[in-house]
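For the protein sequence lines, the chains are A and B, in the order given.
Read in order, the letters of the first sequence are residues 1 to 372 in full-length UniProt numbering.
Read in order, the letters of the second sequence are residues 1 to 259 in full-length UniProt numbering.
Don't be surprised by glycine CBs; every beta carbon is placed ideally from N, CA and C.
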Amino acid sequence: MERVILGMPGQWAQNFLESSDHYTTKIGGLPDWPISEMFIKSDLLKCVLCGERLCLIAQIYAPISTEKSNIDERVIYLFGCMIPKCGSHAKCWRALRVQQCNSGPLYDNHHDSKPSTNCNGEGKLFVSPNGVSFEENSVCGSEEVTQEAYDDLDFDELARELSEVSFQVVQSKKAKSSLSLEVNKKIMQPKQTVNKINYSIPVVPCFYIYPHEDRSVGDTIAVSANYDSLLTKQDDNSSKDNQNQEFWGGEEYEYDKAVGVDRTFLKFKKRMDACPEQCFRYSYGGNPLLVKPELKEPSPCNLCGSPRQFEMQLMPPLLYFLLEGSDGLSVRLPEEWNWMTILVYTCSSSCCQGSPANTWAVAEEEIIIQDD
Amino acid sequence: MERGGDRGGFGRGFGRGGRRGGRRDEEQKWVPVTKLGRLVKEGKIVSLEQIYLHSLPVKEHQIVEAILGPQLKDEVMKIMPVQKQTRAGQRTRFKAFVVVGDGNGHVGLGVKCSKEVATAIRGAIILAKLSVLPVRRGYWGNKIGKPHTVPCKVTGKCGSVTVRMVPAPRGSGIVAARVPKKVLQFAGIEDVFTASRGSTKTLGNFVKATFDCLMKTYSFLTPDLWTETRFAKSPFQEYTDLLAKPTKAILDDAERVDA
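Next comes the structure, spelled out in structure tokens:
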């Protein structure tokens, strides 16, 4: 079974327009491009059907570390269309993969900064003022990082580091709903780096993500309050049966059946119930969790022609949290958003053809939507 | 970060009545997955009748839990082993029959097979909640007081077992075998005469036939349903503006469902 990383919701951003860097994984807000936005073709950021500017839904920092390739500078951006009638078609959504063609020596600044155990100074924010790179702040949590360790950077270690920092922030502030009310009343603080408000770009409420490993499904969850008493009660019933000379015979194995749901959805719901707040599932090259059994094949990569493989999928709690967050604000999600899951397929060789070394390449990837 | 992988081989030693590791809280917060679930969570839909009226599929068991609340009772009817012959011997799995109901017109039946008893019970409870159906009750004679019996003679079938339910006067009680009597009690029927035919020894089929019979009470067209229906807006239509609007406007519930 492939390892699956879940994106769990963390802190709400204090200001939905605040910027961080491209190493942050977040939902909503404004995209943090590693290069200036001028280099991105503007067609990629416009909806195919209506021509309006697309809105960032998710930004995921997704480095790869396999035997074949070791790409550290790789970010996936997911855009959706916010226009009311336009939002539900699969073509309106866009996935962009931005990566640097050769991973240069970018991690030198890690062992320059002094490791310190206490970096709670900034408190709530992932973004530090004055645009200081996020990486330097993250080292506060992890001591003894050497150059060799970063050469073999595992997604494990990265996830652990990210989670260490995020847990320091998140553990004290888990009440997301109360925070969203605070956002309305808070005034923009001048010392944060906030992009100039560009009213033409739609923005959804922004919150940050911390990674969490998907645990095996064997763990039990409580479904009924008198669960244990049910177990003991049925022992009593079986003795009564023998007295009345009834017996249950001739039963065979039966597949799960319920009015209105099929087996695929029941399995999907089972994984959801194991971890109800998961916003997305990440499994590079793994199998997606489907809602309906039919799935169309993704088309091969536009740039290099190699087949596309599954990388991640967005889950419904994300929609729920965004709706909760946009309550009372001027931005509104289109009501046609009935998707159950959005699958993102990326090039299996993670190519960046056509770009010289040490520059950033932007590639468009495939999205498949499964509806309610 | 909690890692689940180190508990490999989970379930072998779980057995019956065993306590979980206590890592998870009992009441986990429900994050709705479907649109109907979001509407229920917000409280826009307060009764199951609104869902039944528009034939909306209920895909999350928490919807039923949220609407019916503490009145929803569940009971395990039977757990039995089913066996399959394999090359390496016999493989035994457990099949659990669970009936849920609120005693007031809603009943559901769930059947689940699993390698462990606990998983089968839990799965059957979920399936039962997903299959909750309305039961129509009527009168035997004078229309005094609350409906207490089935509105007409109905019959249900599963396998070779047919169950026939006949309206009974008040005070007759449920005249049925022990197993379907439980299902009828959960449904909230007070008086009924039943007649069954076929191999009722296969109690699995017997229970499913009773359930099928209850399902048919609302499919039967009686003269009082002859009036034309006035079509009302589906909850999705009515509340989509609400879901998209920034302000929390509370709409009056214009849906009144005939009992």
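Item                                                                                                                     : Value
Cβ-based burial, residue 137/B [other Cβ within 10 Å; buried from 16]                                                    : buried
Cross-chain neighbours of residue 250/A in chain B, by beta carbon under 7 Å                                             : 202
CB of residue 234/B within 8 Å of CB of residue 54/B, strictly                                                           : yes
CB contact below 8 Å: residue 361/A versus chain B                                                                       : no
Minimum Cβ-Cβ distance from residue 131/B to chain A less than 8 Å                                                       : yes
Meets three-Cβ-pair contact criterion under 8 Å: the region 41-50 of chain A and the region 343-350 of chain A           : no
Spatial distance of residue 151/B from residue 184/B (CA atoms)                                                          : 14 Å
Beta strand (DSSP E) segment containing residue 207/A, residue limits                                                    : 207-213
Integer-rounded CB distance, given that residue 312/A should sit under 8 Å from residue 282/A                            : 4 Å
Helix, strand or coil at residue 13/A according to DSSP, with G and I counted as helix                                   : coil
Cβ contact check for the region 184-202 of chain B and the region 103-117 of chain B: 3 or more pairs under 8 Å          : yes
Through-space distance from residue 182/B to residue 216/B, alpha-carbon basis                                           : 18 Å
Interfacial residues, the region 58-71 of chain B to chain A, with Cβ spacing under 8 Å                                  : 58, 59, 60, 61
Uninterrupted alpha helix (DSSP H) stretches inside the region 61-117 of chain B (no shorter than 4 residues)            : 61-68
Nearest neighbour of residue 275/A, chosen from 352/A, 317/A, 372/A [CA to CA]                                           : 317/A
is_contact[residue 197/B, chain A] using C-beta, thresh 8 Å                                                              : no
Contacts that residue 127/B makes with chain A (C-beta to C-beta distance below 7 Å)                                     : 256, 258
6 Å Cβ shell around residue 339/A - same chain, five flanking residues per side excluded                                 : 369, 371
Extent of the continuous beta strand (DSSP E) to which residue 260/B belongs                                             : This structure cannot settle anything about residue 260/B, because the visible part of chain B is limited to 1 through 259.
Assigned secondary structure, residue 101/A (DSSP; H/G/I helix, E/B strand, else coil)                                   : coil
Close beta carbons around residue 239/A, own chain, < 8 Å, minus the five adjacent residues each side                    : In this prediction, residue 239/A scores a pLDDT of 47, lower than 50, which makes its location untrustworthy; no coordinate-derived value is stated.
For residue 302/A, three-class secondary structure by DSSP                                                               : coil
Residue 325/A: first and last residue of the uninterrupted alpha helix (DSSP H) it sits in                               : 316-325
Residue 83/A versus residue 134/B: straight-line alpha-carbon distance, rounded                                          : 39 Å
Inter-stretch contact at 8 Å, needing at least 3 Cβ pairs: the region 165-174 of chain B / the region 188-197 of chain B : yes
Secondary structure of residue 208/B, DSSP reduced to three states                                                       : helix
Beta-ladder partner(s) of residue 167/B, from DSSP                                                                       : 192/B
Residue 113/B versus residue 87/B: straight-line alpha-carbon distance, rounded                                          : 21 Å
Test: residue 158/B CB closer than 8 Å to a CB of chain A                                                                : no
Paired residues, beta bridge with residue 308/A - DSSP                                                                   : 347/A
CB contact check: residue 165/B to chain A, cutoff 8 Å                                                                   : no
Nearest candidate by alpha-carbon position, reference residue 72/A, set 364/A, 42/A, 79/A, 23/A                          : 23/A
Neighbouring residues, chain A, relative to residue 32/B (Cβ below 7 Å)                                                  : 320
Residues that residue 111/B contacts on chain E, provided the C-beta gap is smaller than 7 Å                             : Included in the structure are the protein chains A and B, with no chain E among them.
Cβ shell of residue 139/B (< 8 Å), same chain only, five flanking positions each side left out                           : 147, 148, 149, 151, 167
Residue 50/B: first and last residue of the uninterrupted alpha helix (DSSP H) it sits in                                : 48-53
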